[in-house]
């Protein structure tokens, strides 16, 4: 459904765009309906930029992004089926208006003909779907609601549309542990409804909990991707190994990551791009910079 | 605030709610009250005074305030109260027109530059900076002297066309910081057009800021108009508060002890600008739901 093909994003920086900075470099992956794909990477790896490009909020420098064969085209029609939920719920609401306004904007753009009473009922049922009590959250200002409530209201907002794809950009990073698991379970429910979800995160354990497939991003390039179980149980790229060893474990103290041996990529004859080590398990060269 | 109102969740509620808090805010009521009283004096006063020209010689010279002449008379026997009433009207007109023109230009340039960014921003910013460094008063002097015919409207137009840059810069900076907030992205994801994002998402967030900008421009225009009048470049006919001050100075009202000649216009200018500032503090509390609760 979502197909990201050889996408590159170059930012112009400095006065009159004198210098350039490559945020995303030739990234390709796809998301199928009813599937959660987690996009994992450290800060500055380009994962949020990718999410914003898919949402059409940031223009693509080269390459193509298509949803069901249609290229990204920011506008009403595109956003009817592709939506995003962002990292900071407090910044997603206009502080001078009540939180309900996010639903009102959807009504004005997509369902102007729906009578007010019926719309209110739809909103209330969407709010119940995200396990909130409509009476508690409607008619309040954003600063009167908690981060978890606000984040779930944003998911309820997305549910009001005929959604095919949801970009969830670090949606749990501002939440406490108990709300976090609620929101994750909500995403799992969306998956069951047949939605594709791109789950952007830096938290490996959350990615592992939820996703069918995992894409590991570093410095704007994909270093490894494949079925979550394979990537996590048999990481081939040294960066992925390092990431996995950096996850705090409940019963073991911290230990240094195993040093990288020879590069599997060259041994198997990879030349540029990604090498398919196992079926559906891709890896890039370990010496990315001087490959 | 002890009462809480339960209103239906509709778009217009925001405005009704702002009004609810507005009528309960003392600062706002006092500020607008003073401005309104002076404005009504300027608007209705001339109608009640009858058709006589404010520069008519109606009584003996240098009479102190009395029941007959509330603000006394000038060296020439003109009624100061009549002049004051007509002057208020002119001054409000100069302020509203000059401030209004400047505010419209500043908002158009500030919002577009701040929201679009990039090359558009660089060009508009350059234009703003050029107008900002033009010595306004000198240009006004030259233009006013060159044109000969000097009406209040023309004066206000020149003031408006030259006093917007700082406001445009302030609005641009504010828009710039609001643009990067996630709710703007979310509005785009809701299919809202750029124009509506600016007018309905960004502008309401800075409504008190915009109003303050207008108040400062309004007050500034009144002061510039008064200064121009004072140095003898005001309207060639009629009367304004600035012209009254100029005449009072020119005919040594201070030295002669004719305080009733220059105190009313000076006090009125101060009162209008000061009251608008007080009202602005009140407005901030009305528009910002967080400030209401403290």
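Protein chains in written order, with the working numbering: chain A, 231 to 521; chain B, 74 to 367.
For glycine and all other residues, C-beta sits at the position ideal for the given N, C-alpha and C.
Computed from a predicted model, the values in this text were never measured in an experiment.
Three-state secondary structure (DSSP) of residue i
i	result
residue 182 of chain B	helix
residue 426 of chain A	strand
residue 443 of chain A	strand
residue 341 of chain A	coil
residue 255 of chain B	helix
residue 300 of chain A	strand
residue 402 of chain A	coil
residue 323 of chain A	coil
residue 79 of chain B	Caution is warranted here: a pLDDT of 39 is assigned to residue 79 of chain B, below 50, making its placement in the model unreliable, and the coordinate value is therefore given only provisionally. Here residue 79 of chain B sits in coil by DSSP.
residue 310 of chain B	coil
residue 239 of chain B	helix
residue 125 of chain B	coil
residue 363 of chain B	helix
residue 412 of chain A	helix
residue 194 of chain B	helix
residue 465 of chain A	coil
residue 246 of chain B	helix
residue 223 of chain B	coil
residue 203 of chain B	helix
residue 371 of chain A	coil
residue 141 of chain B	coil
residue 288 of chain A	coil
Range covered by the beta strand (DSSP E) that runs through residue i
i	result
residue 477 of chain A	It is not in any beta strand (DSSP E) - residue 477 of chain A carries neither H nor E in the DSSP assignment.
residue 398 of chain A	395–399
residue 236 of chain A	232–243
residue 249 of chain A	249–261
residue 294 of chain A	292–297
residue 268 of chain A	266–271
residue 313 of chain A	312–315
residue 152 of chain B	Here residue 152 of chain B belongs to no beta strand (DSSP E), and DSSP marks it neither H nor E.
Buried/exposed call for residue i, threshold 16 Cβ in 10 Å
i	result
residue 186 of chain B	buried
residue 278 of chain A	buried
residue 353 of chain B	buried
residue 219 of chain B	exposed
residue 294 of chain B	buried
residue 268 of chain B	exposed
residue 454 of chain A	buried
residue 245 of chain A	exposed
residue 358 of chain B	buried
residue 99 of chain B	exposed
residue 262 of chain A	exposed
residue 229 of chain B	buried
residue 361 of chain A	exposed
residue 162 of chain B	buried
residue 215 of chain B	exposed
residue 320 of chain B	buried
residue 382 of chain A	buried
residue 373 of chain B	Here chain B has residues from 74 to 367 only, and residue 373 of chain B is not among them.
residue 345 of chain A	exposed
residue 479 of chain A	exposed
residue 363 of chain B	exposed
Identity of the residues DSSP links to residue i by a beta bridge
i	result
residue 458 of chain A	Residue 458 of chain A is not bridged to any residue.
residue 449 of chain A	Note: residue 449 of chain A sits in no beta bridge, so no partner.
residue 513 of chain A	A:454, A:505
residue 146 of chain B	B:152
residue 431 of chain A	A:270
residue 130 of chain B	B:151
Unbroken alpha helix (DSSP H) run spanning residue i, endpoints
i	result
residue 328 of chain B	326–329
residue 353 of chain A	346–359
residue 299 of chain B	280–303
residue 112 of chain B	99–122
residue 328 of chain A	Neither: residue 328 of chain A is in no alpha helix (DSSP H) and is coded neither H nor E.
residue 367 of chain A	364–367
residue 217 of chain B	209–220
residue 382 of chain A	377–389
residue 283 of chain A	277–284
residue 349 of chain B	332–360
Near the ligand HEM: residue i beta-carbon under 7 Å from a heavy atom
i	result
residue 411 of chain A	The ligand HEM is absent from the structure shown, which contains no ligand whatsoever.
With three or more C-beta pairs closer than 8 Å as the rule, is the segment 241–249 of chain B touching the segment 333–343 of chain B?
No, the segment 333–343 of chain B is not in contact with the segment 241–249 of chain B.
Between the segment 255–265 of chain B and the segment 300–316 of chain B, do at least 3 Cβ pairs fall closer than 8 Å?
No: fewer than three Cβ pairs fall under 8 Å.
Are three or more beta carbon pairs between the segment 249–257 of chain A and the segment 450–469 of chain A nearer than 8 Å?
Taking one beta carbon from each stretch, the segment 249–257 of chain A and the segment 450–469 of chain A have 3 or more pairs nearer than 8 Å; the two touch.
At a cut of 8 Å, does the segment 266–278 of chain A reach the segment 424–436 of chain A through at least three beta carbon pairs?
The segment 266–278 of chain A, when compared against the segment 424–436 of chain A, does touch it at the 8 Å Cβ threshold.
The segment 173–184 of chain B in contact with the segment 270–284 of chain B per 3-pair CB rule at 8 Å
Verdict: yes, contact present.
Check whether the segment 364–372 of chain A and the segment 287–295 of chain A are in contact - that is, three or more C-beta pairs closer than 8 Å.
These segments do not touch.
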